[in-house]
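Enquirer: Residues in the sequence shown are numbered from 18 upward in steps of one, following the working numbering. Before anything else, here's the structure in question.
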Amino acid sequence: MTDYMEAVTALRQDMQTLFQLVGGLQAQIAQPVPAPVLPPQPGPRRKCYVAMPEKFTGDRTQFPAFLSQAQLFINARPNDFVLDAEKVAFLCSLFSGKAAEWVAPLLDQDDPILMDYVAFCQQLRQQYADPVRAQNAARKLRQLRQGSLPVADYISEFRSLSQQVRWNEEALIEIFQDGLSETMLDELVHGPLPATLRGLEQLCFGIEARLLAREARRATPPVSRPAPVPAPRPRVPPTPNQWPVPAPRQFVSAPPRQAMNHPVAEVGEQPMDLGVVRPRLTVAERTRRRT
Numbered sequence: 018m019t020d021y022m023e024a025v026t027a028l029r030q031d032m033q034t035l036f037q038l039v040g041g042l043q044a045q046i047a048q049p050v051p052a053p054v055l056p057p058q059p060g061p062r063r064k065c066y067v068a069m070p071e072k073f074t075g076d077r078t079q080f081p082a083f084l085s086q087a088q089l090f091i092n093a094r095p096n097d098f099v100l101d102a103e104k105v106a107f108l109c110s111l112f113s114g115k116a117a118e119w120v121a122p123l124l125d126q127d128d129p130i131l132m133d134y135v136a137f138c139q140q141l142r143q144q145y146a147d148p149v150r151a152q153n154a155a156r157k158l159r160q161l162r163q164g165s166l167p168v169a170d171y172i173s174e175f176r177s178l179s180q181q182v183r184w185n186e187e188a189l190i191e192i193f194q195d196g197l198s199e200t201m202l203d204e205l206v207h208g209p210l211p212a213t214l215r216g217l218e219q220l221c222f223g224i225e226a227r228l229l230a231r232e233a234r235r236a237t238p239p240v241s242r243p244a245p246v247p248a249p250r251p252r253v254p255p256t257p258n259q260w261p262v263p264a265p266r267q268f269v270s271a272p273p274r275q276a277m278n279h280p281v282a283e284v285g286e287q288p289m290d291l292g293v294v295r296p297r298l299t300v301a302e303r304t305r306r307r308t
């Protein structure tokens, strides 16, 4: 009987626990669960408009530029080139001339390399890459001179050649300075040099801009401007102490008169009326004339 009562008690406890669980579930169902906030879905991605690479005819000098342009086009359209076979097919469609003749046997035999883009590009480099490209680029770098070229043209040629050699930053900076014009080198001595090649290029751009601005200002004729008229100074009456004192007069004695020697007319000569010296009158004659 005791076991029976214990079993009933345990059953009641289990039922009570079960009722509590059911009540909790009902309460959760009664409360609406907020819907999860989903992130905004991106709209359809537009294609990047990149120019189509030019045809490759098999010219070794044009191969590096062709492969770079083709890789750029493929990277700009990832949705169009998902598989390696699609990338290889795109490259093959750009071949013409000798390059088309080279890839034709691979296409005819359905070579497995057509399914591996990396392996196909590697074989393409072995076929058309210049074997002495690095040596030629190094020689051209040492001979490159700016001369009268703008800084932009010199830097563009220098970058194109420096990408073909495996030189460190210090060597490239040294070669870059050696090729600069004398005018640019004279300007570089006025301050510290940057520690990087890109910084040195930017410094040269700034120097060239200042030199061009100076030449333009020197070529512009100066604007003629009227001379400034000074303002009239107010007249202040002088004080008694400022009146000018006249300088004392200096009397100079006249030189003594010299006696004039009057010429005496000779007998028989008729003197002229003008300039005739009359003899002095006697006292009796002067008295007679007065009376």
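From the three backbone atoms N, C-alpha and C, an ideal C-beta is built for every residue, glycine too. Here the structure is a predicted model, which is why all the values come from computation and not from measurement.
Which stretch, first to last residue, makes up the alpha helix (DSSP H) that contains M201?
Expert: Element bounds for M201: 199-205.
Enquirer: How close, in whole Å, do the beta carbons of L111 and L123 come, if the pair is a contact with beta carbons under 8 Å?
Expert: The Cβ separation is near 15 Å, so there is no contact.
Enquirer: Quick one: measure Cβ to Cβ for Y134 and D97, integer angstroms, because I've assumed they're closer than 8 Å.
Expert: Contact flag wrong, Cβ pair sits at about 14 Å.
Enquirer: Using 8 Å as the Cβ pair cut-off and three pairs as the minimum, do the segment 27-39 and the segment 75-89 touch?
Expert: As far as the Cβ criterion goes, the segment 27-39 does not touch the segment 75-89, which means the pair count is below three.
Enquirer: Using 8 Å as the threshold, is the segment 230-237 in touch with the segment 179-191, meaning 3 or more CB pairs across them?
Expert: Taking 8 Å as the limit for Cβ pairs, the verdict is that the segment 179-191 does not touch the segment 230-237.
Enquirer: When the distance is taken between beta carbons, is L205 closer than 9 Å to Q163?
Expert: Cβ distance not < 9 Å, so Q163 and L205 don't count as in contact.
Enquirer: Measuring straight from C-alpha to C-alpha, what distance separates P148 and S177?
Expert: So the two alpha carbons sit approximately 17 Å from each other.
Enquirer: What residues in its chain sit with their C-beta under 7 Å from that of Y145, if we drop five residues either side in the sequence?
Expert: Answer for Y145: G75, R77, F80, listed in chain order.
Enquirer: One question on the structure: do L84 and C138 come within less than 9 Å of each other, judged by their Cβ atoms?
Expert: Their beta carbons are under 9 Å apart, which means L84 touches C138 by this criterion.
Enquirer: Please state whether DSSP places P245 in a helix, a strand or coil.
Expert: It is coil, neither helix nor strand.
Enquirer: Determine whether the beta carbon atoms of S179 and L158 lie at a separation below 9 Å.
Expert: In contact: S179 and L158 (Cβ atoms closer than 9 Å).
Enquirer: According to the neighbour-count rule (16 or more other Cβ atoms, all chains shown, within 10 Å of its Cβ), is A82 buried or exposed?
Expert: It counts as exposed.
Enquirer: By Cβ distance, which residues of its chain are closer than 6 Å to I192, with the 5 residues on each side in sequence left out?
Expert: Hits under 6 Å: L158.
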